[in-house]
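Input: a single structure, listed below in structure tokens.
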Amino acid sequence: MNPVRKAVIPAAGFGTRFLPFTKAVPKELVPVVDKPVIQYVLEEAAASGVTEAAIIVSDGKEAIGRHFAPVSALYDRLRHDGKLALLESLEAIDGLMKLTYIPQTELKGLGDAVLRAEEFVAGEPFAILLGDTVTTSSNGVPVTRQLIDAAMKAGGAVTALERVPRELTNRYGVVDGVEDPDGLVHVKTFVEKPAPEEAPSNLAIASRYVMTPEIFGFLRNGKPGKGGEIQLTDAMRALCAVQPMFGLVFRGRRHDVGSKLDFVKATLEFALARPEFHDALAEWLKDLRT
Ligand code: UTP
């Protein structure tokens with residue numbers, strides 16, 4: 001498989017689960033401590049070797065583009081005030097990677113959002129990172145890099161998987177496959193939101209993917225599935241019938257910040273990981289519980 005240089009970052013969705021906040025502000029700009037979710041996503045992609053990304057956006061999401069564009073008046077002020085560390089941190093965002101914004105004019109689902117990037121991807125293997133989901137790694141390797149390494153080794157598309165409680169399988173896309181000792185799963189198929197007693201496993205699809213360009217054929221011909229949307233999972237199911245496909249139980253954790261509870265968990269986890277907040281926050285949490 002060729003190296004993975006490109007990423008597609010779907011960020012066009014309505015974010016109804018996070019209303020009322022998302023009425024005026026894209027959910028991809030929800031802050032986790034002091035950075036918007038989508039900045040963590042791009043930093044993960046860059047740390048994984050991605051050099052070019054397409055962010056899929058819709059009307060009302062213009063602020064995402066503004067977050068990644070230089071603001072000369074602000075930079076001049078920071079320079080003038082000698083706030084050079086802050087200035088550097090902002091310039092680092094601007095230089096993360098080459099960004100392209102692709103509109104999704106009708107919100108027809110995640111699969112349709114990915115399909116908008118077919119021309120951008122131009123026949124290469126590519127990563128997909130959901131723009132509203134942050135990850136942490138427990139082995140020092142960014143989650144997207146874990147997937148890219150697995151894809152290069154196995155020679156096929158790889159989907160991030162996480163173990164979920166059995167009784168919650170009906171909230172997730174779940175894999176049916178055979179897991180080897182390294183956590184690599186040879187996928188037979190995917191099942192959308194199975195009841196716990198019918199679920200083939202408790203391994204859920206988890207917001208990060210490395211895909212081969214053949215996925216676009218299945219997305220183009222995809223019929224609207226659940227909720228009238230073009231589902232990425234449906235196209236993945238079709239793809240795994242014609243080429244080997246894998247899942248990876250990645251080392252780390254993910255938080256879907258588009259869910260209010262996950263947003264709170266992500267905020268606490270990321271704040272606890274910051275030395276300047278750790279002790280005070282841990283102390284306060286202990287106090288809160290007693
Ligand atoms: P979600 O499944 O969370 O959907 O999308 P949503 O519509 O944004 O949110 P809720 O369920 O109404 O709260 C996962 C990712 O895919 C993007 C979203 O922006 C999010 O980053 N997405 C979803 C699109 O780009 N286009 C779509 O049509 C749907």
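Position 169 (the sequence shown) corresponds to 169 in my numbering; numbering is contiguous. Each residue gets a CB set at the ideal place from its N, CA and C atoms; glycine is no exception. On a predicted model such as this, the values are computed, not experimentally measured, just so you know.
Spatial distance of residue i from residue j (CA atoms)
| i | j | result |
| --- | --- | --- |
| M236 | F246 | 11 Å |
| P213 | L184 | 21 Å |
| I38 | L285 | 27 Å |
| K260 | D149 | 32 Å |
| A195 | A12 | 29 Å |
| R163 | A154 | 21 Å |
| L281 | L272 | 7 Å |
| S201 | L74 | 51 Å |
| R79 | P70 | 14 Å |
| L110 | P10 | 7 Å |
| A160 | F270 | 21 Å |
Option nearest residue i by Cα separation, candidates the options
| i | options | result |
| --- | --- | --- |
| A53 | A117, L78, P36 and F18 | A117 |
| Q243 | T189, E229 and L232 | T189 |
| K265 | T133, L74 and E197 | T133 |
| G177 | V187, R171, G258 and N170 | V187 |
| P26 | M1, A47, A46 and H67 | H67 |
| G131 | A24, P31 and T233 | P31 |
| I56 | D94, E119 and A47 | E119 |
| A127 | A63, S138, P142 and V174 | P142 |
| A199 | F216, D180, V175 and I215 | V175 |
| F18 | T290, D279, F277 and F263 | F263 |
Buried/exposed call for residue i, threshold 16 Cβ in 10 Å
| i | result |
| --- | --- |
| P3 | exposed |
| H255 | buried |
| A220 | Looking at the sequence provided, one finds Arg at residue 220 rather than Ala. Exposed, by the Cβ-count rule. |
| D182 | exposed |
| T22 | buried |
| G123 | exposed |
| E44 | buried |
| S72 | exposed |
| S138 | exposed |
Chain D within 8 Å of residue i, Cβ atoms only
| i | result |
| --- | --- |
| G247 | The chain labelled as chain D is not found in the depicted structure, where only one protein chain is given. |
Distance cut-off 7 Å: residue i Cβ against heavy atoms of the ligand SAH
| i | result |
| --- | --- |
| L161 | The ligand SAH is not part of the structure shown, which contains the ligand UTP as its ligands. |
Legend entry - Complete alpha helix (DSSP H) runs within the segment 132-187 (minimum length 4 residues, chain order): Within the segment 132-187, the complete alpha helix (DSSP H) runs of at least 4 residues are 143-154.
Inset, instruction - Can you list the residues near the ligand UTP, meaning Cβ strictly closer than 5 Å to any non-hydrogen atom, in the order they appear in the chain? - result: P10, A11, A12, G13, F14, G15, T16, R17, I56, L107, G109, L110, A113, L130, G131, D132 and G258
Inset, instruction - Any chance you could list the alpha helix (DSSP H) runs of at least 4 consecutive residues sitting entirely within the segment 14-57, in chain order? - result: 37-47
Inset, instruction - Would you mind listing the beta strand (DSSP E) stretches within the segment 178-256 that are 3+ residues and don't spill past its ends, in chain order? - result: 184-192, 203-211, 245-249 and 252-256
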